[in-house]
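Asker: I'd like to ask some things about the structure below.
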Amino acid sequence: MNTRLAEFLAIGEEVTDAEEEAFLLFSQEIPSSNLGFVDSRATTVDVTIRGGEYSIHQSPTLLSSSRAGGTTGAVLWKITPHFAEWISSPSNPLRTHGFLSSDSVVTELGCGISALVALAVAPTVQHYIATDQEYVRRLFRTNVDANAAVNAPSAKQRGSKAKGKSATKKQSAGIPTASNITFTTLDWETDQPGLLKGCIESETSGRDTLHNNDNDVEEEDLGFDLLLSCDCIYNEALVAPFVRTCAEISRLRPAYQPSEESDSQSRRPPTVCIIAQQQRSPDVFETWLRETLREFRVWRLSDEALGDGLKGGNGYLVHLLMVREKN
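In structure tokens, the structure reads:
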């Protein structure tokens, strides 16, 4: 596992200094994207992801309301389709190195109403838990129900060709295939990440005690293979609870130990965190990175790993985090 993970981490450059990284990234020319909405006035936005046509329902009224706790998740943001395209691609390095597969259980922080990342990823993983505030729930579920069949052919990646054909038939019949997507609320300041998997419905919960590398005794696995977050870093007040939540979720699995000489068959793989964000404020970014470096080792993913939509110069950043051992 460690050898494979070390090879995987070569897809990026390790970051060790927050101030230096912020200066490097924000001294370059950044395209103007305003605040980063796709269209903050439309009630429906059409998006194409890997050839699939999604119709995303959103709420301009909610966005402009004075709701306590914020409303930024009420509409679709520009980075989200690019991120969904990248993370769901068969050539994504997470997939080619085996860290995202049909056995994976994935969680997302700050998913927003679009459900776009969940819809793109869920057909190729075991289960996807999307989290946000309660106001997001209704539109998130609306978008899952309206678009669940779009990516059905990708189910081939979850198993045999026969399964892929079955999924295609479901798509043509208009039957949603996103039963492995769960939405739940998660307050970064008060909720316990260790309880997240408890929200998975009973008919799938039996699979959530994941493989324990053929040990005779299986232990309950409360952790996740992959933690995703797309454009949640825009406010300094949210940085500390966001980073703390990422760390608490990651520590439900073992920390990355590059010094271990042999591949341990008794340890579950560490959680890989992928944090994508639009370049806005260098001060907010530096605050996030400084806080993150206390808890994680951090790599900035290379242009080669990211592809055209997210590579440098587009105004987006993607970092990979591996949690440190707790002091």
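Each residue of the sequence shown is one higher than the last, beginning at 129 in the numbering used here. Glycine included, C-beta positions come from ideal geometry on N, C-alpha and C. Source: prediction; values computed, not measured.
Can you list, in chain order, the residues of its chain with a C-beta nearer than 6 Å to that of valine 412? Leave out the 5 residues immediately preceding and following it.
Answerer: Once the five neighbours on either side are set aside, the close Cβ partners of valine 412 are Glu364.
Asker: In the DSSP assignment, what residue or residues form a beta bridge with glutamate 142?
Answerer: Trp427.
Asker: Which value, in whole angstroms, describes the spacing of the CA atoms of glutamine 261 and threonine 144?
Answerer: When rounded, the distance between both Cα atoms is 32 Å.
Asker: Smallest Cα separation from phenylalanine 136: which of Ser155, Thr224 and Ile158?
Answerer: Answer by Cα proximity: Thr224.
Asker: Per DSSP, what kind of secondary structure is glycine 302 in: helix, strand or coil?
Answerer: Bear in mind that a pLDDT of 37 at glycine 302, under 50, signals an unreliable position, so the number given afterwards is only what the model happens to contain. The answer is coil: DSSP assigns glycine 302 none of H, G, I, E or B.
Asker: Is there contact here, the segment 171-187 with the segment 233-251, by at least three beta-carbon pairs under 8 Å?
Answerer: Counting Cβ pairs under 8 Å, three or more are found: they touch.
Asker: Between the alpha carbons of leucine 267 and threonine 131, how many angstroms are there, rounded?
Answerer: The straight-line gap from Cα to Cα measures roughly 42 Å.
Asker: Beta carbon of isoleucine 403, beta carbon of leucine 366: below 9 Å?
Answerer: No, these two residues do not count as a Cβ contact at 9 Å.
Asker: Would you tell me roughly how many angstroms separate the C-alpha atoms of glycine 437 and threonine 208, rounded to the nearest one?
Answerer: If you take the alpha carbons of glycine 437 and threonine 208, they lie about 10 Å apart.
Asker: Quick check: what's the CA-CA separation for asparagine 442 versus aspartate 431?
Answerer: Looking at the two C-alpha atoms, the distance is approximately 11 Å.
Asker: Provide the residue span of the beta strand (DSSP E) that contains threonine 310, from first to last.
Answerer: Counting along the chain, the beta strand (DSSP E) containing threonine 310 begins and ends at 309-313.
Asker: Inspect the beta-carbon positions of threonine 172 and glutamine 186 and report whether they are closer than 9 Å.
Answerer: Yes, Cβ-Cβ distance for threonine 172 and glutamine 186 is below 9 Å.
Asker: Taking all protein chains shown into account, do 16 or more other C-beta atoms lie within 10 angstroms of the C-beta of asparagine 220, making it buried, or fewer, making it exposed?
Answerer: Asparagine 220 comes out buried.
Asker: In the DSSP assignment, what are the bridge partners of glutamine 406?
Answerer: DSSP output for glutamine 406 lists Tyr444 as bridge partner(s).
Asker: Anyone know if the C-beta pair for isoleucine 215 and leucine 204 falls short of 9 Å?
Answerer: No, they are not a contact pair.
Asker: For the segment 347-356 against the segment 225-245, are there 3 or more C-beta pairs whose distance is under 8 Å?
Answerer: Flag = yes, the segment 347-356 and the segment 225-245 touch.
Asker: Quick check on the burial criterion: 16 or more other C-beta atoms within 10 angstroms. Buried or exposed for asparagine 271?
Answerer: That one is buried.
Asker: By alpha-carbon positions, which one of Arg379, Leu356 and Leu153 ends up nearest to serine 409?
Answerer: When only C-alpha atoms are compared, the closest one is Leu153.
Asker: Counting C-beta neighbours from all protein chains within 10 Å, is the total for aspartate 273 16 or more, i.e. buried, or is it exposed?
Answerer: The residue in question, aspartate 273, is exposed, as its Cβ has fewer than 16 Cβ neighbours within 10 Å.
Asker: Pick from Arg395, Val426, Ser242 and Ser230: whose alpha carbon is nearest that of phenylalanine 311?
Answerer: Checked all of Arg395, Val426, Ser242 and Ser230; the closest Cα to phenylalanine 311 is Ser242.
Asker: Under 9 Å between the Cβ atoms of leucine 434 and valine 426?
Answerer: Going by C-beta atoms, leucine 434 is not nearer than 9 Å to valine 426.
Asker: Within the continuous beta strand (DSSP E) that includes threonine 235, where are the two ends?
Answerer: Note, threonine 235: beta strand (DSSP E), 233-237.
Asker: Are the beta-carbon atoms of leucine 323 and threonine 259 separated by less than 9 Å?
Answerer: No, they are not a contact pair.
Asker: Report the residue from Glu419, Glu414, Leu445 and Ala383 whose alpha carbon sits nearest the alpha carbon of leucine 133.
Answerer: If we check each option's Cα against that of leucine 133, Ala383 comes out closest.
Asker: According to DSSP, simplified to helix, strand and coil, what is tryptophan 205?
Answerer: In this structure, tryptophan 205 counts as strand in the three-state DSSP scheme.
Asker: Count the other C-beta atoms from every protein chain shown that fall within 10 angstroms of the C-beta of arginine 381, then say buried if there are 16 or more, exposed otherwise.
Answerer: Arginine 381 comes out buried.
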